[in-house]
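Remarks on the structure that follows.
2 protein chains.
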Amino acid sequence: MASFKKYRVDGGKFSLASIDPADSPFLEGDEQAQRDRLEQLAGELDDLQNLLHAEGRRKVLLVLQGMDTSGKDGTIRWVFSRTSPLGVRVTAFKAPNDDERARDYLWRCHANVPRSGEIMVWNRSHYEDVLVPWVEGWIDKAELRRRYAQIQDFERLLAETGTVVVKCMLHISKKVQRERLQARIDEPAKRWKFQRSDLDVRKKWAAYQHAYEQALAATSSRHAPWHVIPADSKRHRNLMIAQLLVKTLRGMELAVPPADPSLDGLVVV
Amino acid sequence: MASFKKYRVDGGKFSLASIDPADSPFLEGDEQAQRDRLEQLAGELDDLQNLLHAEGRRKVLLVLQGMDTSGKDGTIRWVFSRTSPLGVRVTAFKAPNDDERARDYLWRCHANVPRSGEIMVWNRSHYEDVLVPWVEGWIDKAELRRRYAQIQDFERLLAETGTVVVKCMLHISKKVQRERLQARIDEPAKRWKFQRSDLDVRKKWAAYQHAYEQALAATSSRHAPWHVIPADSKRHRNLMIAQLLVKTLRGMELAVPPADPSLDGLVVV
């Protein structure tokens, strides 16, 4: 198996540009072998989720961040293609509504943390609040640093109360984004996915890349590390994230609770 | 394909006892053929859910009711084995907590109706509030009738605002429940699923069957019909519900929204 080390953000001197979005270390064998592998990982993830539920104590939070078309939806569709909706929930965070803006930016996130035994996936997250306002110039450097610290505190709370936090930045090239946006325009059946505002954000590509680099370096911690996922190849993205989740859940050493001996010999009538 | 007609509750003179929990009209061919069929239906359900999401207008609510061990969790696991957690959400209703008891019994249900484009599955539902309190003697006949009417009003609101409501009663025999509860006791790896309170409810089997019969007859309507699902066979239960959902979603004539012509020729730079 390929190593995650190179893609794990280890603080200080992290450079996003040093990671090629076209990398594909987790793509092994031919296309059929890769499909089979994903199917196998998705099945294993389902088994591990069942154990997480049986244990009923800890939780898993998967945070997905990335530019438009980086494949957050596709990741959820394929990585969890074999997992029951009983045990996996998704929260998609959009631009905050009035109710959400009337509270601090972590309020809506806290309201959607996973329950015991559950895997929760955040499609975008509290990280939008250190990306968008910074790129748009709504907050200054001091506020940005304050938010980094608040986010670290929040994630430490989650970790210390039984949540394993996995954070993935889906890393695509500007060229691949152009191709994917263009396809949404050119293919009539895909056009409903296209939003003109995506083009405005695209114009600020470099500023967003820089904001990501800063945010990832500032908030990758031992209890809530960031991984950069080369995502120009959709299959690579899916395989790498599935592999990372399986590895993480295996590392939790999940087990069915011990059988209550007081029920020995009980007969149902 | 087998017909749903016999299993659809059509009001007045409905008899639950006349439906054999061991019936299996939707089981065709050998075991492998049945597994393949479920896999195919699960895949088709995924395609239909994608269209529901693309349309972004209507919603689907699947209500699952049934005695303990009737297979509500298993149904969700297998029928939605190919559907993304992006488009299917599950709400499990347990005994109401303090917050919920402080409101009317439909409050927590209304808070969990599906969003546009979404399939929501209720694992138990507002129907618990016309089953448990009635069997336990906490409400009288007048209050029971009032609740039937309130439930019909609530479901009409959902239907009139774009929600297709599918209600399934998972119908098992008392004998099969005994076998399944006993297995939870006898198999150490399953024992964590067993609750002693299940045995107390089991003692009131006949009263619950009668309460179900009354509730189904009183609340099956054109806009929110009840189906009784013979569920002694798990595979039959899964196949019948998958088939019912596929038929229902096909009947909605879902389609991708028309392509916005104002985007013709737009080039992404």
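Protein chains in written order, with my numbering: chain A, 1 to 269; chain B, 1001 to 1269. Note that beta-carbon positions come from the ideal geometry of N, C-alpha and C, so glycine has one too. Quick caveat: nothing in here was measured; it's all calculated off a predicted structure.
Among the options, which one has its Cα closest to the Cα of residue i?
i: TRP1122/B; options: ASN1112/B, ASP1047/B, GLN1182/B and ARG1101/B; result: ASN1112/B
i: PHE14/A; options: GLY265/A, VAL268/A and LEU216/A; result: LEU216/A
i: LEU1131/B; options: ALA1102/B, ALA1095/B, ILE1119/B and ARG1180/B; result: ALA1095/B
i: SER116/A; options: GLY162/A, ASP200/A and THR69/A; result: GLY162/A
i: TYR1208/B; options: MET1067/B, ASP1030/B and VAL1063/B; result: MET1067/B
i: ALA1189/B; options: GLN177/A, GLN150/A and ALA255/A; result: ALA255/A
i: ARG178/A; options: VAL201/A, VAL60/A and PHE26/A; result: VAL201/A
i: ARG77/A; options: LEU1062/B, ASN1050/B and ARG1077/B; result: ASN1050/B
i: LEU1266/B; options: MET252/A, LEU199/A, GLN150/A and TYR105/A; result: LEU199/A
i: LYS1175/B; options: PHE1154/B, GLU1187/B, GLN1150/B and LYS1203/B; result: LYS1203/B
i: ARG196/A; options: GLU1118/B, LEU1263/B, TYR1105/B and MET1240/B; result: LEU1263/B
i: ARG1145/B; options: ALA1211/B, ILE1241/B, GLN1065/B and LYS1006/B; result: ALA1211/B
i: ARG30/A; options: PRO257/A, ILE241/A and HIS236/A; result: Before going further, note that residue 30/A is Asp rather than Arg in the sequence given. Nearest option by C-alpha distance: HIS236/A.
i: PRO21/A; options: ILE241/A, LEU239/A and VAL228/A; result: VAL228/A
Expressed to the nearest angstrom, what Euclidean distance is found between the alpha-carbon atoms of residue i and residue j?
i: TRP1134/B; j: LYS1141/B; result: 8 Å
i: ARG1008/B; j: CYS1168/B; result: 9 Å
i: CYS109/A; j: THR91/A; result: 9 Å
i: LEU1038/B; j: THR219/A; result: 44 Å
i: PRO261/A; j: ARG1184/B; result: 13 Å
i: ASP232/A; j: ILE172/A; result: 5 Å
i: GLN214/A; j: ALA54/A; result: 39 Å
i: ARG1103/B; j: GLN182/A; result: 50 Å
i: ARG250/A; j: VAL79/A; result: 16 Å
i: GLY137/A; j: ILE19/A; result: 27 Å
i: ARG139/A; j: ARG147/A; result: The amino acid at residue 139/A is misidentified as Arg; the sequence shows Ile. Distance between the alpha carbons of ILE139/A and ARG147/A: 10 Å.
i: VAL269/A; j: ALA259/A; result: 21 Å
i: GLU1143/B; j: ASP1129/B; result: 11 Å
i: GLN1243/B; j: LYS1234/B; result: 14 Å
i: PRO85/A; j: MET120/A; result: 11 Å
i: THR1069/B; j: ARG1180/B; result: 7 Å
i: VAL1063/B; j: HIS1126/B; result: 9 Å
i: GLU28/A; j: ARG1082/B; result: 25 Å
i: GLN150/A; j: ARG1089/B; result: 30 Å
i: ASP1186/B; j: ASP47/A; result: 22 Å
i: MET1252/B; j: LYS72/A; result: 28 Å
i: ARG35/A; j: LEU41/A; result: 10 Å
i: LEU1239/B; j: TYR105/A; result: 44 Å
Can you name, in chain order, every residue of its own chain whose Cβ lies under 6 Å from the Cβ of residue i, other than the five neighbours on each side?
i: ASP1023/B; result: PRO1230
i: ARG58/A; result: GLY162
i: LEU61/A; result: PRO114, MET120, THR163 and VAL165
Mind pulling the chain A residues with CB within less than 9 Å of residue i?
i: ILE1076/B; result: SER84, PRO85 and LEU86
i: ALA1022/B; result: The contacting residues do not exist; ALA1022/B stays about 19 Å from chain A at best.
i: GLN1182/B; result: LEU266, VAL267 and VAL268
Could you work out which residues of chain A lie near residue i, taking near to mean beta carbons separated by less than 8 Å?
i: VAL1009/B; result: Within 8 Å Cβ-Cβ: nothing; VAL1009/B doesn't reach chain A, min ~26 Å.
i: PHE1080/B; result: SER84 and PRO85
i: ARG1178/B; result: VAL268 and VAL269
Taking C-beta pairs closer than 9 Å, name the residues in chain B that residue i reaches, listed in chain order.
i: ASP260/A; result: ARG1191, TRP1192 and PHE1194
i: PRO257/A; result: ARG1191 and TRP1192
i: GLN49/A; result: Ordered by position in chain B, no residue passes the 9 Å Cβ test against GLN49/A, which lies about 10 Å from the chain.
i: LEU244/A; result: Near LEU244/A there are no residues of chain B at all, since even the closest Cβ is about 18 Å away, more than 9 Å.
i: ASP73/A; result: SER1084 and LEU1086
Grab the span of the beta strand (DSSP E) containing residue i for me, first residue to last.
i: ARG1202/B; result: Careful: ARG1202/B lies outside any beta strand (DSSP E), inside the alpha helix (DSSP H) at 1197 to 1203.
i: ARG1180/B; result: Taken as a continuous stretch (DSSP letters only), ARG1180/B belongs to no beta strand (DSSP E), being part of the alpha helix (DSSP H) at 1174 to 1186.
i: HIS171/A; result: 163 to 171
i: THR1091/B; result: 1088 to 1092
i: LEU62/A; result: 59 to 66
Find the residues of chain A that neighbour residue i, judging by a C-beta separation of less than 7 Å, and give them in chain order.
i: VAL1090/B; result: PRO85 and LEU86
i: PRO1188/B; result: ALA259
Once you ignore the five residues that flank residue i on each side, which residues in its own chain have a CB closer than 8 Å to its CB?
i: ARG1156/B; result: SER1221, HIS1223 and ALA1224
i: TRP1226/B; result: ARG1008, VAL1009, LYS1167, CYS1168, MET1169, LEU1216, THR1219 and SER1220
i: VAL246/A; result: LEU41, GLU44, LEU45 and LEU48
i: ARG1124/B; result: LEU1064, GLN1065, LYS1072, ALA1092, PHE1093 and LYS1094
Residues of chain B with CB closer than 7 Å to the CB of residue i, please, in chain order.
i: ALA54/A; result: TRP1192
Starting from the C-beta of residue i, find all residues in its chain whose C-beta is less than 7 Å away, skip the five residues before and the five after it, and write them out in chain order.
i: ALA1017/B; result: none
i: GLN152/A; result: THR219 and SER221
i: ALA1159/B; result: VAL1165, HIS1223 and ALA1224
i: GLY1074/B; result: LYS1234
Taking 7 Å as the line, does the beta carbon of residue i fall inside it for any heavy atom of the ligand SAM?
i: VAL1088/B; result: Within the structure as shown, the ligand SAM is missing, as the structure has no ligands at all.
In terms of residue numbering, what span does the alpha helix (DSSP H) encompassing residue i cover?
i: ILE76/A; result: 72 to 79
i: HIS223/A; result: Premise fails: HIS223/A is in no alpha helix (DSSP H) and is neither H nor E.
i: TRP107/A; result: 107 to 110
i: LYS141/A; result: 141 to 160
i: GLY1043/B; result: 1031 to 1055
i: ASN238/A; result: 234 to 251
i: VAL1121/B; result: Careful: VAL1121/B lies outside any alpha helix (DSSP H), inside the beta strand (DSSP E) at 1119 to 1123.
i: VAL1132/B; result: 1128 to 1135
Which residues in chain B sit within 8 Å of residue i, going by Cβ to Cβ distance?
i: LEU263/A; result: ILE1185, ARG1191 and PHE1194
i: LEU199/A; result: VAL1268
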